[in-house]
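Novice:
In our numbering, the protein residues as written are 2 to 245.
#1: From 194, 3, 215, 150, pick the residue whose C-alpha is nearest to that of residue 103; which is it?
#2: Figure out for me which residue from 65, 187, 34 has the closest Cα to the Cα of residue 46.
#3: Just the C-alpha distance for residue 218 and residue 178, rounded to the nearest angstrom, thanks.
#4: Does DSSP put residue 88 in a helix, in a strand, or in coil?
#5: Can you tell me whether residue 215 is helix, strand or coil according to DSSP?
#6: By the three-class DSSP mapping on this structure, what secondary structure does residue 207 have?
#7: Name the residue from 124, 134, 123, 125 whose alpha carbon lies nearest to the alpha carbon of residue 113.
#8: Among 123, 25, 196, 201, which one has its Cα closest to the Cα of residue 183?
#9: For residue 65 and residue 201, what's the separation of their Cα atoms in angstroms?
#10: What residue does the alpha helix (DSSP H) around residue 168 start on, and which one ends it?
#11: Quick check on residue 23: does DSSP put it in helix, strand or coil?
Written out as C-alpha coordinates, the structure reads:
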(Lines of atoms letter the chains of each structure in order from A and count residues from 1; the text may use other names and numbers.)
(Lines give C-alpha, C1' and ligand atoms only; values in the text may rest on other atoms or scores of the structure.)
Protein backbone atom coordinates (compact mmCIF):
# COMPACT_ATOMS: atom_id res chain seq x y z
CA UNK A 1 0.00 0.00 0.00
CA UNK A 2 2.91 2.33 0.74
CA UNK A 3 4.45 1.68 -2.68
CA UNK A 4 1.12 2.15 -4.48
CA UNK A 5 0.30 5.38 -2.64
CA UNK A 6 3.75 6.87 -3.18
CA UNK A 7 3.67 5.92 -6.87
CA UNK A 8 0.21 7.49 -7.23
CA UNK A 9 1.38 10.78 -5.73
CA UNK A 10 4.41 10.85 -8.00
CA UNK A 11 2.45 9.81 -11.08
CA UNK A 12 -0.18 12.47 -10.52
CA UNK A 13 2.33 15.30 -10.58
CA UNK A 14 3.53 15.67 -6.98
CA UNK A 15 7.25 15.42 -6.33
CA UNK A 16 7.83 14.22 -9.91
CA UNK A 17 11.50 15.17 -9.72
CA UNK A 18 12.03 12.50 -7.07
CA UNK A 19 11.21 9.61 -9.40
CA UNK A 20 14.67 9.42 -10.92
CA UNK A 21 16.24 9.77 -7.47
CA UNK A 22 14.18 6.83 -6.22
CA UNK A 23 15.70 4.65 -8.97
CA UNK A 24 19.20 5.28 -7.60
CA UNK A 25 18.08 4.59 -4.04
CA UNK A 26 16.44 1.37 -5.20
CA UNK A 27 19.71 0.16 -6.74
CA UNK A 28 21.46 0.62 -3.40
CA UNK A 29 18.68 -1.25 -1.60
CA UNK A 30 18.45 -4.13 -4.05
CA UNK A 31 22.17 -4.83 -4.51
CA UNK A 32 23.09 -4.52 -0.83
CA UNK A 33 20.12 -6.61 0.30
CA UNK A 34 20.96 -9.42 -2.10
CA UNK A 35 24.78 -9.36 -2.03
CA UNK A 36 25.39 -8.44 1.61
CA UNK A 37 22.57 -10.32 3.32
CA UNK A 38 20.27 -12.67 1.41
CA UNK A 39 23.04 -14.55 -0.43
CA UNK A 40 25.36 -14.84 2.61
CA UNK A 41 22.36 -16.05 4.65
CA UNK A 42 21.66 -18.73 2.06
CA UNK A 43 25.28 -19.86 1.68
CA UNK A 44 25.79 -20.06 5.45
CA UNK A 45 23.07 -22.71 5.58
CA UNK A 46 23.56 -26.44 5.09
CA UNK A 47 22.51 -26.23 1.44
CA UNK A 48 24.99 -27.36 -1.21
CA UNK A 49 26.87 -24.32 -2.56
CA UNK A 50 26.97 -25.75 -6.11
CA UNK A 51 23.17 -26.15 -6.11
CA UNK A 52 22.75 -22.61 -4.75
CA UNK A 53 24.95 -21.19 -7.51
CA UNK A 54 22.98 -23.20 -10.07
CA UNK A 55 19.78 -21.75 -8.57
CA UNK A 56 21.23 -18.24 -8.87
CA UNK A 57 22.10 -18.85 -12.53
CA UNK A 58 18.66 -20.31 -13.23
CA UNK A 59 17.03 -17.33 -11.53
CA UNK A 60 18.97 -14.77 -13.58
CA UNK A 61 18.21 -16.58 -16.84
CA UNK A 62 14.59 -17.06 -15.80
CA UNK A 63 14.08 -13.35 -15.14
CA UNK A 64 15.72 -12.59 -18.47
CA UNK A 65 13.31 -14.91 -20.29
CA UNK A 66 10.30 -13.53 -18.44
CA UNK A 67 11.24 -9.99 -19.38
CA UNK A 68 11.91 -11.07 -22.96
CA UNK A 69 8.47 -12.70 -23.10
CA UNK A 70 6.84 -9.53 -21.77
CA UNK A 71 8.62 -7.44 -24.41
CA UNK A 72 7.66 -9.81 -27.23
CA UNK A 73 4.02 -9.82 -26.11
CA UNK A 74 3.86 -6.02 -26.08
CA UNK A 75 2.84 -4.47 -29.39
CA UNK A 76 4.96 -1.55 -30.56
CA UNK A 77 2.67 -0.74 -33.51
CA UNK A 78 0.62 2.43 -33.59
CA UNK A 79 -1.67 4.41 -35.86
CA UNK A 80 0.32 6.19 -38.54
CA UNK A 81 3.34 3.86 -38.44
CA UNK A 82 2.77 2.88 -42.07
CA UNK A 83 1.27 -0.54 -41.33
CA UNK A 84 -2.32 0.39 -42.15
CA UNK A 85 -3.87 0.16 -38.66
CA UNK A 86 -7.56 1.00 -38.33
CA UNK A 87 -8.80 4.06 -36.44
CA UNK A 88 -8.92 3.32 -32.70
CA UNK A 89 -5.99 0.89 -32.85
CA UNK A 90 -4.02 2.89 -30.26
CA UNK A 91 -6.86 2.92 -27.73
CA UNK A 92 -7.44 -0.81 -28.23
CA UNK A 93 -3.78 -1.64 -27.70
CA UNK A 94 -3.59 0.63 -24.66
CA UNK A 95 -6.58 -1.13 -23.15
CA UNK A 96 -4.97 -4.55 -23.62
CA UNK A 97 -1.74 -3.27 -22.11
CA UNK A 98 -3.68 -1.98 -19.10
CA UNK A 99 -5.17 -5.37 -18.28
CA UNK A 100 -1.85 -7.12 -18.95
CA UNK A 101 -0.22 -4.74 -16.47
CA UNK A 102 -2.80 -5.62 -13.79
CA UNK A 103 -2.41 -9.38 -14.28
CA UNK A 104 1.37 -9.22 -14.38
CA UNK A 105 1.50 -6.92 -11.36
CA UNK A 106 -0.71 -9.30 -9.35
CA UNK A 107 1.64 -12.22 -10.04
CA UNK A 108 4.65 -10.05 -9.28
CA UNK A 109 3.18 -8.92 -5.94
CA UNK A 110 2.33 -12.51 -5.01
CA UNK A 111 5.96 -13.48 -5.60
CA UNK A 112 7.16 -10.52 -3.55
CA UNK A 113 4.97 -11.70 -0.66
CA UNK A 114 6.51 -15.18 -0.81
CA UNK A 115 10.03 -13.70 -0.84
CA UNK A 116 9.31 -11.47 2.16
CA UNK A 117 7.94 -14.47 4.07
CA UNK A 118 11.03 -16.50 3.21
CA UNK A 119 13.31 -13.70 4.37
CA UNK A 120 11.51 -13.35 7.72
CA UNK A 121 11.68 -17.11 8.27
CA UNK A 122 15.42 -17.02 7.63
CA UNK A 123 16.10 -14.00 9.86
CA UNK A 124 13.81 -11.17 11.08
CA UNK A 125 16.36 -8.46 10.19
CA UNK A 126 16.62 -9.87 6.68
CA UNK A 127 12.84 -9.79 6.43
CA UNK A 128 12.73 -6.09 7.33
CA UNK A 129 15.35 -5.01 4.82
CA UNK A 130 13.88 -7.27 2.13
CA UNK A 131 10.49 -5.63 2.63
CA UNK A 132 12.06 -2.16 2.43
CA UNK A 133 13.98 -3.12 -0.71
CA UNK A 134 10.80 -4.37 -2.36
CA UNK A 135 8.93 -1.18 -1.39
CA UNK A 136 11.73 0.94 -2.88
CA UNK A 137 11.94 -0.88 -6.20
CA UNK A 138 8.16 -1.14 -6.51
CA UNK A 139 7.66 2.64 -6.56
CA UNK A 140 9.34 3.32 -9.95
CA UNK A 141 7.64 0.24 -11.41
CA UNK A 142 4.21 1.25 -10.11
CA UNK A 143 4.67 4.72 -11.59
CA UNK A 144 5.11 3.07 -14.99
CA UNK A 145 2.01 0.95 -14.32
CA UNK A 146 -0.06 4.03 -13.47
CA UNK A 147 1.02 5.70 -16.71
CA UNK A 148 -0.06 2.64 -18.73
CA UNK A 149 -3.42 2.44 -16.92
CA UNK A 150 -4.15 6.13 -17.41
CA UNK A 151 -3.20 5.77 -21.07
CA UNK A 152 -5.64 2.84 -21.27
CA UNK A 153 -8.47 5.21 -20.35
CA UNK A 154 -8.88 4.52 -16.63
CA UNK A 155 -9.61 7.41 -14.30
CA UNK A 156 -7.07 8.27 -11.61
CA UNK A 157 -9.35 6.79 -8.95
CA UNK A 158 -9.92 3.52 -10.81
CA UNK A 159 -6.21 3.18 -11.62
CA UNK A 160 -5.39 3.62 -7.92
CA UNK A 161 -8.08 1.19 -6.73
CA UNK A 162 -7.13 -1.50 -9.27
CA UNK A 163 -3.47 -1.19 -8.37
CA UNK A 164 -4.34 -1.36 -4.67
CA UNK A 165 -6.32 -4.57 -5.24
CA UNK A 166 -3.37 -6.04 -7.12
CA UNK A 167 -1.09 -5.11 -4.22
CA UNK A 168 -3.18 -7.30 -1.89
CA UNK A 169 -1.76 -10.29 -3.74
CA UNK A 170 1.42 -9.54 -1.81
CA UNK A 171 -0.47 -10.33 1.40
CA UNK A 172 -1.73 -13.58 -0.13
CA UNK A 173 1.80 -14.47 -1.20
CA UNK A 174 3.10 -13.69 2.28
CA UNK A 175 0.58 -16.00 3.94
CA UNK A 176 1.12 -18.79 1.40
CA UNK A 177 4.89 -18.43 1.67
CA UNK A 178 4.81 -18.48 5.47
CA UNK A 179 2.67 -21.62 5.62
CA UNK A 180 4.43 -23.48 2.81
CA UNK A 181 8.00 -22.58 3.74
CA UNK A 182 7.45 -23.15 7.46
CA UNK A 183 6.64 -26.74 6.55
CA UNK A 184 9.75 -26.91 4.38
CA UNK A 185 12.39 -24.70 5.96
CA UNK A 186 15.07 -26.48 3.93
CA UNK A 187 13.71 -24.61 0.88
CA UNK A 188 14.30 -21.15 2.39
CA UNK A 189 17.95 -20.84 1.20
CA UNK A 190 16.90 -21.56 -2.38
CA UNK A 191 14.05 -19.04 -2.23
CA UNK A 192 16.49 -16.44 -0.87
CA UNK A 193 18.84 -17.11 -3.79
CA UNK A 194 15.96 -16.79 -6.25
CA UNK A 195 14.96 -13.53 -4.59
CA UNK A 196 18.54 -12.30 -4.89
CA UNK A 197 18.66 -13.20 -8.57
CA UNK A 198 15.54 -11.11 -9.10
CA UNK A 199 16.94 -8.16 -7.13
CA UNK A 200 20.26 -8.29 -8.98
CA UNK A 201 18.59 -8.62 -12.38
CA UNK A 202 16.22 -5.69 -11.74
CA UNK A 203 19.08 -3.47 -10.53
CA UNK A 204 21.63 -4.36 -13.22
CA UNK A 205 19.35 -4.92 -16.22
CA UNK A 206 16.57 -2.37 -15.70
CA UNK A 207 17.46 0.35 -13.21
CA UNK A 208 21.17 0.97 -13.80
CA UNK A 209 20.78 1.31 -17.60
CA UNK A 210 18.18 4.03 -16.90
CA UNK A 211 20.74 5.82 -14.75
CA UNK A 212 23.45 5.48 -17.42
CA UNK A 213 21.37 7.51 -19.87
CA UNK A 214 22.19 10.55 -17.75
CA UNK A 215 25.95 10.70 -18.07
CA UNK A 216 26.64 14.24 -16.80
CA UNK A 217 28.49 14.84 -13.55
CA UNK A 218 25.50 16.81 -12.33
CA UNK A 219 23.40 13.65 -12.54
CA UNK A 220 26.10 11.10 -11.68
CA UNK A 221 27.10 12.54 -8.30
CA UNK A 222 23.56 12.39 -6.82
CA UNK A 223 23.15 8.88 -8.24
CA UNK A 224 26.31 7.62 -6.52
CA UNK A 225 25.36 9.36 -3.27
CA UNK A 226 21.86 7.85 -3.26
CA UNK A 227 23.19 4.36 -4.03
CA UNK A 228 25.52 4.77 -1.04
CA UNK A 229 22.58 5.98 1.07
CA UNK A 230 20.61 2.87 0.10
CA UNK A 231 23.52 0.63 1.06
CA UNK A 232 24.01 2.56 4.30
CA UNK A 233 20.34 2.21 5.27
CA UNK A 234 20.50 -1.54 4.71
CA UNK A 235 23.68 -1.83 6.81
CA UNK A 236 22.14 0.33 9.55
CA UNK A 237 18.97 -1.76 9.63
CA UNK A 238 21.04 -4.93 9.71
CA UNK A 239 22.92 -3.67 12.77
CA UNK A 240 19.72 -2.40 14.39
CA UNK A 241 17.86 -5.69 13.91
CA UNK A 242 20.86 -7.92 14.47
CA UNK A 243 19.84 -11.26 15.93
CA UNK A 244 22.25 -13.84 17.31
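Positions of the beta carbon are idealized from the N, C-alpha and C atoms, including for glycine. Keep in mind it's a predicted model, so treat the numbers as computed, not measured.
Specialist: On the basis of the supplied data:
#1: Residue numbering aside, residue 103 sits at position 102 when the chain shown is read from its first letter. Per the Cα distances, 150.
#2: By one-based count along the chain shown, residue 46 stands at place 45. Considering only alpha carbons, the answer is 187.
#3: For the purposes of this step, residue 218 is taken as the residue at position 217 of the chain shown. For the purposes of this step, residue 178 is taken as the residue at position 177 of the chain shown. C-alpha separation (whole angstroms): 44 Å.
#4: To locate residue 88, count along the chain shown from 1; it is residue 87. With a pLDDT of 44 at residue 88, under the threshold of 50, the modelled position of that residue is not reliable, and the figure given next carries that caveat. Three-state DSSP puts residue 88 in coil, outside helix and strand.
#5: Counting from 1 along the chain shown, the entry for residue 215 is found at position 214. Of the three classes helix, strand and coil, the one that applies to residue 215 here is coil, per DSSP.
#6: As a position in the chain shown, residue 207 is number 206, starting the count at 1. Residue state, collapsed to three classes: helix.
#7: To locate residue 113, count along the chain shown from 1; it is residue 112. Minimum Cα distance to residue 113 is reached at 134.
#8: For this step, residue 183 is matched to residue 182 along the chain shown. Closest option to residue 183, Cα to Cα, is 123.
#9: Numbered from 1 along the chain shown, position 64 holds the residue referred to as residue 65. Numbered from 1 along the chain shown, position 200 holds the residue referred to as residue 201. If you draw a straight line from the Cα of residue 65 to the Cα of residue 201, it is about 11 Å long.
#10: For this step, residue 168 is matched to residue 167 along the chain shown. Segment 157-168, the alpha helix (DSSP H) holding residue 168.
#11: In the chain shown, the residue the question calls residue 23 occupies position 22. Three-state DSSP puts residue 23 in a helix.
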